[in-house]
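**Student:** This is the structure I have questions about; it appears just below.
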Amino acid sequence: MRRAVRGVVVDFAELSDAGRDPSKQINEDAAGFADTTIGLLLVVCDGMGGHSAGREASTVGVRTIVEAVTARSAADPPRDALWSAVDSAGRAVYAVGGDAPQELRPGSTCVALLLHPGGAEVAHVGDSRAYLLRGESIARLTRDHSMVQQMVDAGVLSESDAATHPEANKITRALGMAPTVEVELRPEPLALMSGDRLLLCTDGLTDLVGDAEIKDIVNRHSRTDPAPACSELVALANERGGHDNITVQLAHVATVPTAATVVLPDGRGSKTTVLDEELPPGATVPGGDGPSPTILDEPRTERTTLPGDAPMPARPFRRDPEVAEGGAQPRSVARVLVLFAAVVTLVIVGGVFVWWLHGALRRHGNDEEVPPPPPPPTTASERTLQPLPTPEDDSGVDATTVPPEKPDATPDAKLDAGAPDGAAFP
164 MRRAVRGVVV
174 DFAELSDAGR
184 DPSKQINEDA
194 AGFADTTIGL
204 LLVVCDGMGG
214 HSAGREASTV
224 GVRTIVEAVT
234 ARSAADPPRD
244 ALWSAVDSAG
254 RAVYAVGGDA
264 PQELRPGSTC
274 VALLLHPGGA
284 EVAHVGDSRA
294 YLLRGESIAR
304 LTRDHSMVQQ
314 MVDAGVLSES
324 DAATHPEANK
334 ITRALGMAPT
344 VEVELRPEPL
354 ALMSGDRLLL
364 CTDGLTDLVG
374 DAEIKDIVNR
384 HSRTDPAPAC
394 SELVALANER
404 GGHDNITVQL
414 AHVATVPTAA
424 TVVLPDGRGS
434 KTTVLDEELP
444 PGATVPGGDG
454 PSPTILDEPR
464 TERTTLPGDA
474 PMPARPFRRD
484 PEVAEGGAQP
494 RSVARVLVLF
504 AAVVTLVIVG
514 GVFVWWLHGA
524 LRRHGNDEEV
534 PPPPPPPTTA
544 SERTLQPLPT
554 PEDDSGVDAT
564 TVPPEKPDAT
574 PDAKLDAGAP
584 DGAAFP
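Remember, the working numbering sits 163 above the position in the sequence shown when you count from 1.
See the structure below:
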C-alpha cells in the first residue's frame, strides 16, 4: 500500500508469522504502521514472558507508541515525540507485570522509525533491528542491546560466531523490566533518498537469514510492491527451522522533499545525515557518533535519553520465557579485564609496601639493640649443699668426693661468689 505524509511517500508492506516451533504457535510479535501529523510511523515489538503474557507486552508496546505519536501536533520535534512514545511504552508494559518479580515479568523489545520531511528518526530497545538498503548496499541502523553484541564490540567474538553463541538469546534492555527504560536514538535524523528501502524485523528473521541474503531478496523484487520480499524473507526463515516468531516490515521510499535541510515547525533546521554513496555490506550508517553499544555498569558517554531521565541499570535476562535466569549482573569482557588488572596492581603495590616496612623495622631494631640482662645474683640460700659422707671407719673419707678442709681466715668469712655450684662450704 502507498502512504504519503508531508511530502514523504512510501510503499509499505508487513508480514508476521508464528514460525515452526510447536511451543511458540502463539505469536508474541506485534507490529504497527500509522500516518501521523508528524510523519509516517513504523514500529515492531517482540514480546517475551511466555505465550499470552509476551503477546500482551508486545501489543501494549505497539499500541502505546502509535497512540503517543498520533496524539502529538505537527509542531512537535519528531525526535522528542518518538523518544517520549517509546518511554511511555516502557512504563505501560511495566504496568502489565504488576507486582511480579523481574524474572517473571513480561517484557518486549522495540524498534521504531518516524519518517518526516527532515529525515528518519530511529529508536530501539533490545535486539529487534532496523536496516537501510540503498542501491546494492545494506546497513544496520541499530545495534543490538545483547550480551553477544558487547563481546563483538570488545573484539572477543566475531559476527559469524555471535548467532550461534550460547548467550545469543540474552538481551540487556527491554520494555517492561523496570519503570523506566534507556531508549537509544540516533543522534541526528537520517536523510532519506528516493529509492531507499527501510526494513524492520524481529530476531526470528535475523537469527536465520544473514544481512547479505536480506539485501539480495529485497533487491530482487519490485520496489513498488514490497509484499513479495516480505513473504520470501519469512519463508526462508521457516525453511531453516523457524525457531521463533518472525515479523518483517518493509517501506520503499518513493518520494522525499528535495531540500537537504528542512525547516521544522519550531523554526530550527533539521540536521540530517546524507548518504550519497553505496555502503559496504554490513556497514553501520554514520550519524554523529552513531549508536553506541551498551556497556553494563558504566555511565554512557553519549546522551541517548532526554534531560531529567535517569537511565535504568541494565540487567540481562533470557529472551526464552521458559528459562528464567537471575544471578549477578553480567559485565563486559573489557570491564572484567580492567578490574582484574587493577586488583593485580593493588596486590603488587601492597606486597612491595609490606616488604619495605618489614625491612625498615629490622634496620631500626639493629640500631637500638639492648644488651641482655645480667644473670641474677646467687645467694647462699639458693645453693645446694651436699652432705659429707659418713665415714665407716677411722681410715678417712674418699678424697675424690670431698676436698681437704681448709680453715677460713676468720669465723665470719663471706661465701666465694666464684665457687662452682654444688660445692660444700664449712
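Glycine is no exception: its CB is placed at the ideal position from the N, C-alpha and C atoms.
Please read all numbers here as calculations on a predicted model, not as lab measurements.
Give the straight-line distance between the Cα atoms of Ala167 and Ser271, rounded to the nearest whole angstrom.
**Tutor:** When rounded, the distance between both Cα atoms is 29 Å.
**Student:** Do Ser251 and Thr410 have their CB atoms nearer than 8 Å?
**Tutor:** No; because the gap between Cβ atoms is not below 8 Å, this pair is not in contact.
**Student:** Measuring only the C-alpha atoms, how far is Arg165 from Ala237?
**Tutor:** For Arg165 and Ala237, the distance between alpha carbons rounds to 21 Å.
**Student:** Taking the Cβ atom as the reference point for each residue, do Leu267 and Leu361 lie within a distance shorter than 8 Å?
**Tutor:** Their beta carbons are not under 8 Å apart, which means Leu267 does not touch Leu361 by this criterion.
**Student:** Given this structure, state the Cα-to-Cα distance separating Gly318 from Val517, to the nearest angstrom.
**Tutor:** Rounded to the nearest angstrom, the two C-alpha atoms are 38 Å apart.
**Student:** Which two residues bound the contiguous beta strand (DSSP E) that contains Ala417?
**Tutor:** Segment 409-418, the beta strand (DSSP E) holding Ala417.
**Student:** What's the call for Pro329, buried or exposed, on a 16-neighbour Cβ count within 10 Å?
**Tutor:** Classification of Pro329: exposed, given that the 10 Å Cβ count is below 16.
**Student:** Could you please give me the residues that DSSP links to Ile201 through a beta bridge?
**Tutor:** DSSP, once it has assigned bridges, lists no residue as partnering Ile201.
**Student:** Taking the alpha-carbon positions, what's the Gly373 to Pro352 distance?
**Tutor:** Each residue's Cα considered, the two are about 26 Å apart.
**Student:** Assuming Ala216 is part of the alpha helix (DSSP H), what are its boundary residues?
**Tutor:** Residues 215-233.
**Student:** Considering just the uninterrupted stretch of the beta strand (DSSP E) at Leu399, what are its terminal residues?
**Tutor:** First-last for Leu399: 390-402, but that is the alpha helix (DSSP H), not the beta strand (DSSP E).
**Student:** Nearest to Ala286 by CA position, among Gly522, Asn382, Ile228, Phe503, is which residue?
**Tutor:** Nearest of Gly522, Asn382, Ile228, Phe503 to Ala286, Cα basis: Ile228.
**Student:** Using CA atoms only, rank isn't needed, just tell me which of Val515, Leu520, Gly404, Glu347 is closest to Thr369.
**Tutor:** Measuring from the Cα of Thr369, the nearest candidate turns out to be Gly404.
**Student:** Let me know the alpha helix (DSSP H) ranges lying completely inside the region 227-286, each 4 residues or longer, listed in chain order.
**Tutor:** With a minimum length of 4 residues, the continuous alpha helix (DSSP H) runs that stay inside the region 227-286 are 241-259.
**Student:** Span of the beta strand (DSSP E) holding Arg349?
**Tutor:** Note, Arg349: premise wrong, no beta strand (DSSP E); not H, not E.
**Student:** Tell me which residues share the same chain as Gly260 and place their Cβ nearer than 7 Å to its Cβ, disregarding the 5 neighbours each side in the sequence.
**Tutor:** So the qualifying residues of the chain are Arg268, Pro269, Gly339.
**Student:** Compute the distance between the beta-carbons of Ala176 and Cys393, then report whether it is under 8 Å.
**Tutor:** In contact: Ala176 and Cys393 (Cβ atoms closer than 8 Å).
**Student:** Whole angstroms are fine: how far does the CA of Val419 sit from the CA of Gly358?
**Tutor:** Between Gly358 and Val419, the C-alpha separation is close to 10 Å.
**Student:** Between Glu402 and Asn408, what straight-line distance do the alpha-carbon atoms span, to the nearest angstrom?
**Tutor:** Taking the straight line from one Cα to the other gives about 13 Å.
**Student:** Can you name, in chain order, every residue of its own chain whose Cβ lies under 8 Å from the Cβ of Lys378, other than the five neighbours on each side?
**Tutor:** For Lys378, where only same-chain residues beyond five positions count, the Cβ hits under 8 Å are Leu296, Glu299, Ser300, Ile301, Pro444.
**Student:** Determine the extent of the alpha helix (DSSP H) in which Val381 is found, giving its start and end residues.
**Tutor:** Its alpha helix (DSSP H) spans residues 374-383.
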